[in-house]
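In the order they appear, the protein sequences are chains U and Y.
For the first sequence, this note's numbering assigns the number 147 to the initial residue and increments by one for each residue that follows.
For the second sequence, this note's numbering assigns the number 147 to the initial residue and increments by one for each residue that follows.
For glycine and all other residues, C-beta sits at the position ideal for the given N, C-alpha and C.
Computed from a predicted structure; not experimentally measured.
Number of protein chains: 2
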Amino acid sequence: MGKVTTGATISLDGYIAGPGESGFDLLFQWYGNGEVEIPPRLRISAASAALVKPEWDDTGALIVGRHLFDMTNAWGGRHPMDVTTVVLTHQRPDDRPDDDDNFVFVTDGIEAAVAKAKELAGDKNVAVNGGQMARQCLEAGLLDEVGVELVPVVLGGGKTLFGELGTAPVQFDGPIAVVEGTGVTHLRYRVKK
Amino acid sequence: MGKVTTGATISLDGYIAGPGESGFDLLFQWYGNGEVEIPPRLRISAASAALVKPEWDDTGALIVGRHLFDMTNAWGGRHPMDVTTVVLTHQRPDDRPDDDDNFVFVTDGIEAAVAKAKELAGDKNVAVNGGQMARQCLEAGLLDEVGVELVPVVLGGGKTLFGELGTAPVQFDGPIAVVEGTGVTHLRYRVKK
Chain U
147 MGKVTTGATI
157 SLDGYIAGPG
167 ESGFDLLFQW
177 YGNGEVEIPP
187 RLRISAASAA
197 LVKPEWDDTG
207 ALIVGRHLFD
217 MTNAWGGRHP
227 MDVTTVVLTH
237 QRPDDRPDDD
247 DNFVFVTDGI
257 EAAVAKAKEL
267 AGDKNVAVNG
277 GQMARQCLEA
287 GLLDEVGVEL
297 VPVVLGGGKT
307 LFGELGTAPV
317 QFDGPIAVVE
327 GTGVTHLRYR
337 VKK
Chain Y
147 MGKVTTGATI
157 SLDGYIAGPG
167 ESGFDLLFQW
177 YGNGEVEIPP
187 RLRISAASAA
197 LVKPEWDDTG
207 ALIVGRHLFD
217 MTNAWGGRHP
227 MDVTTVVLTH
237 QRPDDRPDDD
247 DNFVFVTDGI
257 EAAVAKAKEL
267 AGDKNVAVNG
277 GQMARQCLEA
287 GLLDEVGVEL
297 VPVVLGGGKT
307 LFGELGTAPV
317 QFDGPIAVVE
327 GTGVTHLRYR
337 VKK
């Protein structure tokens with residue numbers, strides 16, 4: 147059985163997005179400043195790739211919230227990580243009567259979303275995307291690992307990694323990995339259980 | 147001429163203090179979980195000590211705000227780092243008519259405080275303590291380096307490293323050092339100028 151992981155690129159002052167959804171150009175410089183191409187669009191450093199490429203290859207299913215699904219216009223039809231994406235939502239979209247290999251909709255909470263994603267992932271891992279989903283997983287005790295891509299910029303405000311967490315403080319073991327990329331430090335932690 | 151540095155122990159979600167000034171027991175575990183004694187009170191890991199002990203030895207003067215000075219009751223008479231401490235305040239305390247080797251009071255702003263501290267530090271560095279002072283230094287372009295002691299805990303809310311920074315975003319070079327202590331990752335960054 148795989149792990150449930152989440153991760154985010156964060157600023158030195160802890161923000162995954164700056165004020166008014168700003169700062170993404172600075173946070174995500176590391177997605178384009180390297181020499182290793184990862185389709186469809188990334189060019190990351192060899193050091194970053196050596197860590198994150200296997201992580202991505204080991205991901206068997208994703209969980210996202212409805213907000214991200216709508217914002218990205220369903221990634222044009224399929225998530226760029228090329229796996230089935232479980233979308234947690236209050237109500238199934240009108241224009242999608244059936245689940246398919248691209249998107250599966252879950253309307254009865256984070257536990258059900260994680261269970262469905264684990265079933266889809268098989269032996270591989272489940273990756274949880276977005277602060278709200280990550281927060282719900284952590285609060286429900288369903289999260290195993292968190293990855294932080296720490297970027298040397300101070301944004302001065304915005305959205306934090308897990309938002310206002312109901313169960314804080316939460317302690318972690320690690321870092322179980324520290325890798326220096328170009329303009330980013332990758333850190334991996336295990337939730338203390 | 148020395149550098150002007152600041153540093154803070156922060157949670158994975160970017161907080162230097164949890165909600166309602168909580169979380170210090172978790173943030174500062176690394177001050178007591180090691181085998182190297184640093185008087186008067188610290189016992190830190192050998193890896194942490196190898197980095198921070200020289201940094202502390204190279205510190206020639208401190209800058210703090212009045213709030214920290216009052217909160218700590220003037221550290222009982224002298225700062226534990228055993229250097230002269232410049233206190234930036236709107237009004238000199240009534241019970242301290244004169245500056246001395248322990249405390250020097252500056253009432254005309256952060257630039258004057260940094261100038262005074264540099265004069266006192268000579269060839270050594272000036273360390274700026276406290277989020278408000280660090281923020282003012284960074285906004286005024288007076289900060290050279292920032293150190294982050296990243297601790298694997300999520301606090302879910304509280305005070306952030308530089309607070310609401312007027313000049314954000316600010317970019318840094320580095321990390322120029324990454325050291326893994328016990329329960330803490332030390333990262334050092336240079337302000338991009």
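Start-to-end residues for the alpha helix (DSSP H) that takes in residue i
i: GLU285 of chain U; result: 277-285
i: ALA195 of chain Y; result: 192-203
i: PHE170 of chain U; result: 170-173
i: GLY267 of chain U; result: Here the sequence assigns Ala to residue 267 of chain U, which means Gly is not the residue at that position. Looking at the DSSP string, the run of the alpha helix (DSSP H) that includes ALA267 of chain U is 256-267.
i: LEU214 of chain U; result: 212-217
Cutoff 7 Å: residue i Cβ touching any chain U Cβ
i: TYR335 of chain Y; result: yes
i: GLN317 of chain Y; result: yes
i: GLY320 of chain Y; result: yes
i: THR331 of chain Y; result: yes
i: LEU172 of chain Y; result: yes
Beta-carbon proximity list for residue i, same chain, < 7 Å, skipping 5 on both sides
i: ALA258 of chain U; result: VAL252
i: THR205 of chain Y; result: MET227, VAL229, LYS270, ASN271, ALA273
i: ALA196 of chain Y; result: none
Whole-angstrom distance between residue j and residue i, CA atom to CA atom
i: PRO298 of chain U; j: GLU183 of chain U; result: 23 Å
i: PHE249 of chain U; j: GLY268 of chain U; result: 16 Å
i: GLY223 of chain Y; j: VAL233 of chain Y; result: 13 Å
i: HIS213 of chain U; j: VAL294 of chain Y; result: 33 Å
i: VAL292 of chain U; j: GLN317 of chain Y; result: 24 Å
i: THR313 of chain U; j: LYS149 of chain U; result: 21 Å
i: TRP221 of chain Y; j: TYR335 of chain U; result: 35 Å
i: LEU289 of chain Y; j: THR151 of chain Y; result: 6 Å
i: ARG242 of chain U; j: MET147 of chain U; result: 30 Å
i: ILE156 of chain Y; j: ASN271 of chain Y; result: 22 Å
i: GLN175 of chain U; j: ILE256 of chain Y; result: 33 Å
i: THR230 of chain U; j: ALA207 of chain U; result: 5 Å
i: SER194 of chain Y; j: GLU201 of chain Y; result: 11 Å
i: GLU341 of chain Y; j: LEU172 of chain Y; result: The requested residue 341 of chain Y is not part of the displayed model; chain Y covers only 147 to 339.
i: PRO239 of chain Y; j: ASN275 of chain Y; result: 19 Å
i: SER191 of chain Y; j: ASP246 of chain U; result: 52 Å
i: PRO315 of chain U; j: LEU284 of chain U; result: 11 Å
i: GLY277 of chain Y; j: ASP203 of chain U; result: 41 Å
i: GLY329 of chain U; j: LEU296 of chain U; result: 9 Å
i: ALA286 of chain U; j: LYS339 of chain U; result: 12 Å
i: GLU310 of chain Y; j: ALA261 of chain U; result: 40 Å
i: GLU167 of chain U; j: LEU266 of chain Y; result: 43 Å
i: ASP216 of chain Y; j: MET217 of chain U; result: 48 Å
Run of the beta strand (DSSP E) containing residue i, from where it starts to where it stops
i: ALA117 of chain U; result: No statement about residue 117 of chain U is possible, as the shown extent of chain U runs from 147 to 339 and does not include it.
i: LEU296 of chain U; result: 291-297
i: LEU307 of chain Y; result: Taken as a continuous stretch (DSSP letters only), LEU307 of chain Y belongs to no beta strand (DSSP E), as it is neither H nor E.
i: PRO321 of chain Y; result: 316-326
i: VAL335 of chain Y; result: The sequence shown places Tyr at residue 335 of chain Y, not Val. Run containing TYR335 of chain Y: 331-337, per the beta strand (DSSP E) assignment.
i: THR253 of chain Y; result: First-last for THR253 of chain Y: undefined, no H or E at that position.
i: ALA163 of chain Y; result: 161-163
i: VAL182 of chain U; result: 182-184
i: ALA154 of chain U; result: 150-157
i: VAL233 of chain U; result: 230-234
Any chain Y beta carbon closer than 7 Å to residue i
i: GLU167 of chain U; result: no
i: ASP247 of chain U; result: no
i: THR306 of chain U; result: yes
i: VAL299 of chain U; result: yes
Contacts that residue i makes with chain U (C-beta to C-beta distance below 8 Å)
i: GLU310 of chain Y; result: GLY302, GLY303
i: TYR177 of chain Y; result: Within chain U, no residue comes near TYR177 of chain Y; the closest Cβ sits about 16 Å away, beyond 8 Å.
Cut-off 6 Å between Cβ atoms - residues of its own chain near residue i, not counting five sequence neighbours on either side
i: PRO186 of chain Y; result: PRO226
i: MET279 of chain U; result: ILE209, GLY211
i: ARG189 of chain Y; result: GLY178, GLY180, GLU183
i: ALA154 of chain Y; result: ILE162, LEU307
i: LEU333 of chain Y; result: VAL294, PRO321, VAL324
i: GLN347 of chain U; result: Because chain U is modelled from 147 through 339, residue 347 of chain U falls outside the range shown and cannot be assessed.
Same chain, Cβ closer than 8 Å to residue i, neighbours up to 5 away in sequence not counted
i: GLY303 of chain Y; result: TYR161, GLY164, PRO165
i: LYS199 of chain U; result: VAL182, ILE184
i: GLN237 of chain U; result: THR253
i: GLY169 of chain U; result: SER157, TYR161, ALA163, VAL299, LEU301, GLY304
i: LYS264 of chain U; result: MET147, GLY148, VAL150, ALA207, VAL272
Interface partners of residue i on chain U, CB under 9 Å
i: VAL294 of chain Y; result: LEU158, LEU296
i: GLY222 of chain Y; result: Near GLY222 of chain Y there are no residues of chain U at all, since even the closest Cβ is about 29 Å away, more than 9 Å.
i: GLU326 of chain Y; result: PRO321, VAL324
Proximal residues of chain Y, C-beta to C-beta of residue i below 8 Å
i: ILE164 of chain U; result: According to the sequence shown, residue 164 of chain U is Gly rather than Ile. The contacting residues are ALA314, PRO315.
i: VAL198 of chain U; result: By Cβ distance, chain Y contributes nothing, its closest Cβ being about 18 Å from VAL198 of chain U, past 8 Å.
Residue i: contacting residues in chain Y (beta-carbon distance under 9 Å)
i: VAL274 of chain U; result: Per Cβ cutoff of 9 Å: no residues; VAL274 of chain U is ~14 Å from chain Y at best.
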